[in-house]
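Residue numbers (my numbering): 8 to 995.
Glycine included, every Cβ here is placed at the ideal spot set by N, Cα and C.
It should be emphasised that the depicted structure is a prediction, and the values quoted were computed from it without experimental measurement.
Input: a single structure, listed below in structure tokens.
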């Protein structure tokens, strides 16, 4: 508050009492002098140009602009003939002038509770933060933005999930903070990243961050009604900043869709920061109606000259190098509102180079300028101040040597609030050309190019090493000697005089000799023509192609989105999983995504006929317990109950393991939360529709499931710093008792005036009311018994015990309870609590009437669940038909989707797999995998993919080597492995 008051006083002084402040500045730095800039080409906004225009500036604002303007008598005149003027750029997502918070010290043990009193229960919600409290203007850092053409920055503290408000500042290095601060509150900021200022564990996953943001906003709405009995400074701040522009940093294209879905749930239309890969899901991102703030840090080419390193780079990353520069063009073409940010660039100076590359892909000058001026001004709701050059707006503009986005254009000046910042002398004489100087009877041929930045010096036909600097009126050229053995240097120091260069040469022996370098007009003309030819080559206006894009846009994606077909499987051995059993020489007709007919000699009509003679047709495999296709964390381990999180928020539709599972005949998977806590998160039941987005994979009207866990993982037996309750198996039971009691109390409170919506309690209440099914990670018989008793006590049943490696000991009790068992075929002894596991477990459970399934819990095993099913025949003598149901019909029943899938029956979803032979054979291969009548895996098509991938990789390798040889920047290939999640993985 003290700082704010001081700044307000300074603002008053700057407006009313400035006359008694001493001013020792040059007049060029004074902003309250009336100025008239004349004869310029003025681009007032994208697409609007004034030729030979005039700008009148007074008190930091534009007093008048246009042609034929009367210039005030007291105005300081500046002739800008031959120069261009553009609005200064706006950085909408900066952290300039913000002090980076220190990272909280690591105490050695996990922090589960909040570290602050009087604020929200989670330390990563820091809505009370204000950029003003952290503002320390840094002229050196600001100059980097000024030099790049920026006049205004919206800055905020990049720390926390709720980050508080930003501020809008003018980059006036000639003024004071009072002059610079345009808005003390500008934008309310959020992210999916935790604060550096706290070690509080929750959230440990992206789904946890999304859940936290949801609950925070639910709580803010409740708090605003005055029902809270305690004061919460974070929530109060969140409510007071509702009218500010709401901005969230998301990242990639998938996260854009996730945070937009979050915004829909909490009633906010976010401006979203991210989307460098938006081109891959352009239609979906357009459908969000969100404005984007897009980073421009597309990748450099990979140095793949070493074939051994090439294989570290996957096809998706190679494509990204080629395609990412076309992202802005695609956004523009789609009509998506976007601004550009320098976020993630090493320096703002890199912006123009990146934009010039983007423009090679079809981004126009007007589109690029709009993304730096009018669009960010509109997004930030400050178009009344900045973004265009109009009467009454701030005099924020840049003066350039030519058209802004051309290769050799230089920014001469950046005017901020009418205060001139000189970047380069715009009246500097053009010294480019060819010169001849004679020195000690040696004839020096000097060629200067690129506005004095490059030099070539020759004696006779020998080219000397040379370096030139042109600063102010001084030209300095340093050369080596004609004799290459002589390691001395000659230095020329001169000034331009008429068309020549006159000055002194400093010889290696210390002698100083006057010289004149005479300009050779004929040679200069030839040099200019050569330079123009080189520019023509480098400024090729041909629009670059983005290359091949697929669904998804990585290896093994299809050119077009896979579509539904009418298909007749002819003469197959059909495993129905129904009373009909296995049918020989049978046809199956698929139409409209369903199994239409089953029989012999069916009429094909217009259907595509697949000859299945000698092959086996089955329903698709259902994996009841999987952790593939999950982004940024399978465990939310920050609390002992995290029912508020859901895997549906973080389904990764691009995980290559989806395709690999399809190749193994899997069509449905339940993506489960991990086993870090007794009450975990909600699951996602998906169909493996490779090439479709996440929401299209999740089952329509999906049954509701949640993951519970027992045993070593939840009591942190192997954790070095585990301090979270529970620490014992009896403590695990108490967690369930406590939370179910809380849920009952929550239900009783519904209808009360001060009722507070709690997403976690809502989910637990669904369990108690048998609306949500429990799949429980379990091993030891005592805990299995315990949880069934707890469930009976609270009036529900456990749907599935997964793993259940001691299930054979309590199979009769499980059958009586009505619990199913989803187990491993033959895993044992990989940790202490599975020492009593036996491979006959599945057969024993089945024999006792327990609905039994085999699952993978593993990205590698899920590709061969057909072989896992065969082990039930080996261990326990289960029939082949019943063993096959362990990975098809039985898990479908456990997931309550057996009315849709799990067997071949007329009217069910056409989720089918054509096998080369008996699917229980170790040599059986899935030749075609179909979901909803759409072929997502075809062995022959797969072979075509492999060939095309090899060809495309080679093409891209050649292009990257060519880029390297042209001198373009490259990066060293690095192997990127996606983390393969298991139950106990804690990774984000």
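- Taking the Cα positions, residue 871 is about 27 Å away from residue 683.
- Here residue 419 carries a strand assignment [DSSP, helix/strand/coil].
- Close CB contacts of residue 818 within its chain, under the 7 Å cut and outside five residues either way in sequence, are with 851, 852, 855, 857 (chain order).
- One thing to note: residue 64 has its Cβ within 8 Å of the Cβ of residue 425.
- For residue 197, the enclosing beta strand (DSSP E) begins and ends at 188-197.
- DSSP lists 920, 944 as the bridge partner or partners of residue 936.
- Exposure of residue 615 is indicated by the presence of fewer than 16 other C-beta atoms within 10 angstroms of its C-beta.
- Residue 485 is a Cβ neighbour of residue 474, given a cutoff of 8 Å.
- For the stretch 362-444, the full-length alpha helix (DSSP H) segments reaching 4 residues or more read 372-379, 381-386 along the chain.
- Here DSSP, grouped into helix, strand and coil, assigns residue 507 to strand.
- Nearest neighbour of residue 299 by Cα position, chosen from 617, 140, 910, 284, turns out to be 284.
- Between residue 303 and residue 469, the alpha-carbon positions lie close to 43 Å from each other.
- Runs of the beta strand (DSSP E) spanning 3 or more residues and lying entirely within the stretch 554-582 occur at 574-582, in chain order.
- The C-alpha of residue 776 is placed about 8 Å away from the C-alpha of residue 802.
- In this structure residue 215 does not touch residue 744 by the C-beta definition: roughly 24 Å separates them, more than the 8 Å allowed.
- Assigned with DSSP and collapsed to three states, residue 636 falls in coil, not helix or strand.
- Excluding sequence positions up to five before and after residue 142, its CB lies within less than 6 Å of the CB of 104, all in the same chain and listed in chain order.
- DSSP lists 404 as the bridge partner or partners of residue 94.
- Within the DSSP bridge table, the entry for residue 501 names 482, 510 as partners.
- Taking 8 Å as the cut-off, the Cβ atoms of residue 910 and residue 862 do not count as close.
- Only buried fits residue 503, as 16 or more other CB atoms lie within 10 angstroms of its CB.
- Collapsing the DSSP output to three states places residue 787 in coil.
- The three-state secondary structure of residue 962, taken from DSSP, is helix.
- The continuous stretches of alpha helix (DSSP H) do not include residue 712, which lies in the beta strand (DSSP E) extending over residues 712-716.
- Scanning its chain for C-beta atoms nearer than 6 Å, with the 5 sequence neighbours on each side dropped, one finds around residue 245 the residues 134, 227, in chain order.
- When DSSP reads this structure, residue 776 sits in no beta bridge, so it has no partner.
- Residue 213 is positioned such that its CB atom lies no closer than 8 Å to that of residue 814.
- The residues 332, 335, in chain order, have a CB closer than 6 Å to that of residue 365 in the same chain once the five nearest residues on each side in sequence are set aside.
- Sorting 896, 90, 325 by C-alpha distance to the C-alpha of residue 58 places 90 at the top.
- Taking residue 70 as the centre and dropping the five residues before and after it, the same chain places the C-beta of 63 closer than 6 Å to its C-beta, in chain order.
- As a beta-bridge residue in DSSP terms, residue 810 pairs with 785, 830.
- Under the 10 Å beta carbon count, residue 784 is surrounded by 16 or more other beta carbons and is classified as buried.
- According to DSSP, residue 174 shares a beta bridge with 162.
- Note: residue 606 is bridge-paired with 594 in the DSSP secondary-structure output.
- Runs of the beta strand (DSSP E) lying entirely within the stretch 634-699, each at least 3 residues long, are 673-678, 686-689, 691-694 in chain order.
- The stretch 600-611 and the stretch 911-922 touch, with no fewer than 3 CB-CB distances between them shorter than 8 Å.
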